[in-house]
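Using this note's numbering, you'd call the opening residue of the sequence shown number 540 and step up by one each time.
Think of the CB as a built atom: it goes at the ideal place given N, C-alpha and C, for glycine as much as any other residue.
Bear in mind the structure is a predicted one, so any value in this text is a computation, not a measurement.
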Amino acid sequence: MKGTDKHHPGLGAGESGDTLAELLRHAPARPRPPAEDEQAVRQALHAEWQQLTGRSRRGRRPWVWALAASLVLALVLLYRLPAPSPGQTTGHQLAQLEKVIGRVTLRSGESTHLMTAGQTESGLHAGQVLVTGAASSLAMRWANGASVRLDQHSELLLDDAGRLALTGGRLYMDTESALADSPALTVQTPHGEVQHLGTQFMTRVTARETAVSVRQGKVAFMGQDSQAATGHGSDQFSGEQVVASAGEELTVTLSGQVYRRSISAWGGPWEWTEALTSGFDADGRRMSELLDWVSRESGRQVDYQSDSARRLAEQTILHGHMDMPPLQALTVASATSDLVAVVEDGHIRVSLVVQP
Numbered sequence: 540m541k542g543t544d545k546h547h548p549g550l551g552a553g554e555s556g557d558t559l560a561e562l563l564r565h566a567p568a569r570p571r572p573p574a575e576d577e578q579a580v581r582q583a584l585h586a587e588w589q590q591l592t593g594r595s596r597r598g599r600r601p602w603v604w605a606l607a608a609s610l611v612l613a614l615v616l617l618y619r620l621p622a623p624s625p626g627q628t629t630g631h632q633l634a635q636l637e638k639v640i641g642r643v644t645l646r647s648g649e650s651t652h653l654m655t656a657g658q659t660e661s662g663l664h665a666g667q668v669l670v671t672g673a674a675s676s677l678a679m680r681w682a683n684g685a686s687v688r689l690d691q692h693s694e695l696l697l698d699d700a701g702r703l704a705l706t707g708g709r710l711y712m713d714t715e716s717a718l719a720d721s722p723a724l725t726v727q728t729p730h731g732e733v734q735h736l737g738t739q740f741m742t743r744v745t746a747r748e749t750a751v752s753v754r755q756g757k758v759a760f761m762g763q764d765s766q767a768a769t770g771h772g773s774d775q776f777s778g779e780q781v782v783a784s785a786g787e788e789l790t791v792t793l794s795g796q797v798y799r800r801s802i803s804a805w806g807g808p809w810e811w812t813e814a815l816t817s818g819f820d821a822d823g824r825r826m827s828e829l830l831d832w833v834s835r836e837s838g839r840q841v842d843y844q845s846d847s848a849r850r851l852a853e854q855t856i857l858h859g860h861m862d863m864p865p866l867q868a869l870t871v872a873s874a875t876s877d878l879v880a881v882v883e884d885g886h887i888r889v890s891l892v893v894q895p
């Protein structure tokens, strides 16, 4: 009798053909694998097929045909399996996504993936491009521990393990947590390359200029056949490295001139970075540690108004996790202690609560 062996629990010839057709009908096409991979699969399947069909000549068991059909299906599915999802990539991982505000577009080759506020702790890989729109931003933790944050209306290419290419918008970097022996991260811009020397800094790129603002430490800027300009004129330094220190900003224009000016380390252009912190894990830590964190994240200096206030800050133990911007976290913590923290311009003045 031809057809299905009604006494065998496996698929019969007709059933396996219908199942195979149904699988192939729903499977989208994908590019062919490399020639050497295709040949290896073909050889392995051919050898298995010969072994199975050799046995079948002796026994003609129906299960042989079902197993042989599965081998054919394996070869066909090699070409018909769904292509990788838009967020997938084959590049090596460079960073870990920590926080998303709004909607951020992630491009991987020809694929596009939309990341939203709920999507965190995702790996970011070499070759991917991050694009932020209005009211959108993100924070990532680089493989060496550095914090990298991207403002709204920005575009950033994750080039390789030590370089990011900012084609537009603003990028903030804090290397305090970076491994001491890790390669220095650089930011490639249309006007030159920015390299940190152990610092907090921000890079802004527009169609007309690139600006590098330094909050702490130093950065080195390697321009492209530029002129270093001051209020008293300009000096030629074609292709040489220029160093900016804390409280300074370098601006490189489209014409290649570099201007230096003094800036504040707090407020204004820096405020967007504060919303992208991952919060402060306060459980079991001291109030003085929170103040240090707020100081670094906001760019403001902590000023204890008395030795007693400093000692109390070092003795006060906090609890819980403060997933909020630094100044808000400071307000919450102060409300449950005997300390008063007043923010005035670039300072956080800490004093004891005045008893009535």
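For residue 788 versus residue 800, is the C-beta spacing smaller than 8 angstroms?
Numbered from 1 along the sequence shown, position 249 holds the residue referred to as residue 788. Numbered from 1 along the sequence shown, position 261 holds the residue referred to as residue 800. Taking 8 angstroms as the Cβ cut-off, residue 788 and residue 800 qualify as a contacting pair.
**Prompt:** residue 647: buried (16+ other C-beta within 10 angstroms of its C-beta) or exposed?
**Reply:** By 1-based counting over the sequence shown, the position of residue 647 is 108. Classification of residue 647: buried, given that the 10 Å Cβ count is 16 or more.
| Of the listed residues 874, 870, 875 and 876, nearest to residue 882 (C-alpha basis) | As a working note, residue 882 is residue 343 in the sequence shown. Ranking 874, 870, 875 and 876 by Cα distance to residue 882 puts 870 first.
Query raised in the report: Cβ atoms of residue 664 and residue 630: under 8 angstroms apart, would you say?
Result: Reading the sequence shown from its first residue, position 91 is the one you call residue 630. Reading the sequence shown from its first residue, position 125 is the one you call residue 664. A contact, by the Cβ cut-off of 8 angstroms.
Beta-carbon separation of residue 756 and residue 737 under 8 angstroms? Along the sequence shown, read from residue 1 onward, the residue named residue 756 stands at position 217. Along the sequence shown, read from residue 1 onward, the residue named residue 737 stands at position 198. Yes. Within cutoff.
- request: May I ask which residues mark the beginning and end of the beta strand (DSSP E) holding residue 646?
  value: The residue you call residue 646 lines up with position 107 of the sequence shown. Looking at the DSSP string, the run of the beta strand (DSSP E) that includes residue 646 is 642-647.
Considering only the beta carbon of each residue, do residue 715 and residue 680 sit closer than 8 angstroms? Translated into positions along the sequence shown, residue 715 becomes position 176. Translated into positions along the sequence shown, residue 680 becomes position 141. Going by C-beta atoms, residue 715 is not nearer than 8 angstroms to residue 680.
(message) What ranges does the beta strand (DSSP E) occupy inside the stretch 820-881, keeping only unbroken runs of at least 3 residues that lie completely in it?
(response) Taking only runs of at least 3 residues, the beta strand (DSSP E) segments lying wholly in the stretch 820-881 are 840-843.
**Request:** Could you check what DSSP says for residue 812 in three-state terms: helix, strand or coil?
**Result:** Within the sequence shown, numbered from 1, the residue matching residue 812 stands at position 273. Helix, per DSSP.
In the DSSP assignment, find the beta strand (DSSP E) that holds residue 732 and state where it starts and stops.
Along the sequence shown, one-based indexing puts residue 732 at 193. Per DSSP, residue 732 belongs to the beta strand (DSSP E) from 731-744.
- Message: For a quick check, are the C-beta atoms of residue 731 and residue 760 less than 8 angstroms apart?
- Response: Taking the first residue of the sequence shown as 1, we reach residue 731 at position 192. Taking the first residue of the sequence shown as 1, we reach residue 760 at position 221. Inclusion of residue 731 and residue 760 in the CB contact set at 8 angstroms is warranted, their separation being smaller than that value.
message = Can you find the residues in the same chain that come closer than 7 angstroms, C-beta to C-beta, to residue 655, ignoring five residues on each side of it along the sequence?
response = Counting from one through the sequence shown, the residue named residue 655 turns up at place 116. Counting only Cβ-Cβ distances below 7 angstroms, and skipping sequence neighbours, we find 639 and 642.
Collapsed DSSP secondary structure at residue 562 in the structure displayed
Position 23 of the sequence shown holds residue 562. Residue placement at residue 562 is poorly supported in this model, since its pLDDT is 39, which falls under 50; the coordinates still yield a value, given next. Correct three-state label for residue 562: helix.
Under a three-way DSSP split, which group does residue 672 fall into? Taking the sequence shown and counting its residues from 1, the one referred to as residue 672 is at position 133. If DSSP states are grouped into helix, strand and coil, residue 672 belongs with coil.
How would you write the range of the beta strand (DSSP E) that residue 886 sits in, first residue to last?
Along the sequence shown, one-based indexing puts residue 886 at 347. Counting along the chain, the beta strand (DSSP E) containing residue 886 begins and ends at 886-891.
- prompt: What is the DSSP secondary structure of residue 807, reduced to helix, strand or coil?
  reply: Position 268 of the sequence shown, counting from 1, holds the residue named residue 807. In the structure shown, residue 807 sits in a helix (DSSP, three-state: H, G or I).
With a CB to CB cut of under 8 angstroms and the five nearest residues on each side skipped, what residues in its chain are close to residue 658? In the sequence shown, residue 658 corresponds to position 119, counting from 1. If we look at residue 658 and ignore the five residues flanking it on each side, its Cβ neighbours are 636 and 639.
Open item on the list: Just verifying my parser: in three-state terms, what is the DSSP assignment at residue 883?
Closed with: Your numbering for residue 883 matches position 344 in the sequence shown. The answer is strand: DSSP assigns residue 883 an E or B state.
ask   = Hey, would you say residue 678 sits closer than 8 angstroms to residue 691, going by beta carbons?
value = On the sequence shown, position 139 is the one that residue 678 refers to. On the sequence shown, position 152 is the one that residue 691 refers to. No; because the gap between Cβ atoms is not below 8 angstroms, this pair is not in contact.
Counterpart residues of residue 696 in DSSP-defined beta bridges: Within the sequence shown, the letter at position 157 stands for residue 696. Secondary-structure assignment with DSSP links residue 696 through a beta bridge to 668 and 704.
**Message:** According to DSSP, residue 790 sits in a beta bridge with which residue or residues?
**Reply:** Start at 1 with the first residue of the sequence shown, and residue 790 comes out as number 251. Answer is 750 and 798, bridged to residue 790.
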